[in-house]
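Chain order of the listed sequences is L and U. Under the working numbering, the very last position in the first sequence is 1596; numbers go up by exactly one each time. Under the working numbering, the very last position in the second sequence is 170; numbers go up by exactly one each time.
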Amino acid sequence: MAALRNLLQWKTIAKEALDRTLIVTKFLCILHVTDKYLCSSFHVHGPSMYPTMNLKGDVLLVEKFSTRLGKLVPGDIVMLKAPDNPTRTVTKRLLGMEGDQVTFLTDPHIESSTKTLLVPKGHVWVQGDNLYDSKDSRYFGPVPYGLLEGKVFYRIWPLIDFGSLNQGLWK
Amino acid sequence: MGSRFLWNVTRNVLTCGLIGLTISDRYAGIAPVRGLSMVPTFNSGHSTSERSFKDDRVLVTKFCLEKYKFTEGDIVVYRSPNDYKEKQIKRIIALEGDWINVPNSFETLKIPRGHCWVEGDNPTNSVDSRSFGPIPLALIEGKVTHIIWPPQRVGKVEKILPEGRLISY
C-alpha cells in the first residue's frame, strides 16, 4: 500500500517536472523564432558608420522580414555577415541592388579616382558612411544578398539618440 | 466543447511547429537533394534532373555554424551567391589560404580569407565555384552528415577529396 502511494507521488512529481520543462522549452523556442524571423537587437561599434552612428557604439533594433521578402531599397542600413569572416557581423548602408551601376571613389582622398561597375546578379553593393575608415564593397567587391541578415530601423541606445534610422537617402 | 477541442488542437500544432522550427534552425534538419549535381554521392539512381519523390533526403547538421570550422571534403548546404532564395548542396574542395588548380584552365588561385571553393561530385552537371568563383563561408547553412532516405541507402556520408586539385607547398 505504501509502495503504491509512493509510486503515485513520484508520478505527480514527474508530470510536473515535464510540464515545467515544456514551458521553459516553449519560451526559449519563442525567443529563437522572434530573434531569427522578426526582430533582434544588435550592439554595433567601430568607426565605419560614423556620423550616422556613434564612435562609442550603439544598440540597434534590426528587423528580419524585409530581407527575407526582398523589400530592401538602396539607402537602407543593413546588418550583414562579413564576407571575409563569417563570425563577424557588421552594419553598412545598402547603395546598389543587382543590376545597378555604382560609382565610387577607390581612394577617398583623391576626387578623380572614380570607378563605375555593374552589380552582378544576386549581389548588392554596401558601403560605410565613413568613407575614410570603412572596409566595405570598395574593398571586397559586391557581396551576395544571402549575407544580409536584416534591416536596421531603430536605435535604442544611447538614449539621447533614441529614434528611428533610415530616414531619407544618404548622399 | 467543439471550440475548446479545436483550440487545443491549434495550440498543440503551434507548439510542435515552434519547437520543430527551432530544432531545424539550430541543431539539425532534413533536406531533399534536387538534381544531378552530386551523382554518385546522392541521387545516384536518377536519369533526369526533374524533382521526384525518389530524391534522396539528407540530414543537415548546424553545429558547425558556431565556429564555421570545416575541412576539405565536407558536403555543405549554402545559399546560392546568385540567388539568395535557392539553396545548393556541394562539396568543399578548398578553404581559405589553399591554392587550387582552376579546372579547364592553367590558372592557380588562392582562396581569399573567409571563403571556400565548392564543387559538385558530378562535374558535367553542376553549377558551382567553377562558374561563380569562391563563395563566402557565411553563406553556408549546414553540413550534410547522413543520408536518411531511401532506406537502402541510409548511412553516413563519406568525406572524399578529388586527387590533384589542391596544390601543396
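Even for Gly, the Cβ is constructed at its ideal location relative to N, Cα and C.
Taking CB atoms only, Arg131(U) has no neighbour in chain L less than 8 Å away. Between Asp1483(L) and Val1469(L), the gap from beta carbon to beta carbon is short of 8 Å. When rounded, the separation of the alpha-carbon atoms in Arg1430(L) and Ala1442(L) is 19 Å. With a threshold of 16 other beta carbon atoms within 10 Å, Phe1490(L) falls short and is exposed. By the Cβ-count criterion, Ala139(U) is buried, with 16 or more other Cβ atoms from all chains shown falling within 10 Å of its own Cβ. Per the coordinates, the alpha-carbon of Gly1575(L) lies some 30 Å from the alpha-carbon of Arg131(U). Below 8 Å, enough C-beta pairs join the stretch 1510 to 1528 of chain L and the stretch 1546 to 1565 of chain L to call them touching: three or more. Tyr1564(L) counts as exposed, since fewer than 16 other beta carbons sit within 10 angstroms of its beta carbon. In summary, the residues of the stretch 1568 to 1592 of chain L whose CB is separated from some CB of chain U by less than 9 Å are Val1568, Pro1569, Tyr1570, Gly1571, Leu1572 and Leu1573, in the order they occur in the chain. For Asn83(U), the chain L residues whose C-beta falls within less than 7 Å of its own C-beta are Lys1546 and Gly1547, listed in chain order.
Proximity of Thr1512(L) to chain U, defined by a Cβ-Cβ separation below 8 Å, is satisfied. Against Thr16(U), the close residues of chain L are Lys1451, in the order they occur along the chain (beta-carbon pairs closer than 7 Å). Within chain U, the residues placing a beta-carbon under 7 Å from that of Pro1508(L) are Gly115, Pro137 and Ala139, ordered along the chain. A direct Cα-Cα distance of roughly 11 Å separates Arg1493(L) from Leu1572(L).
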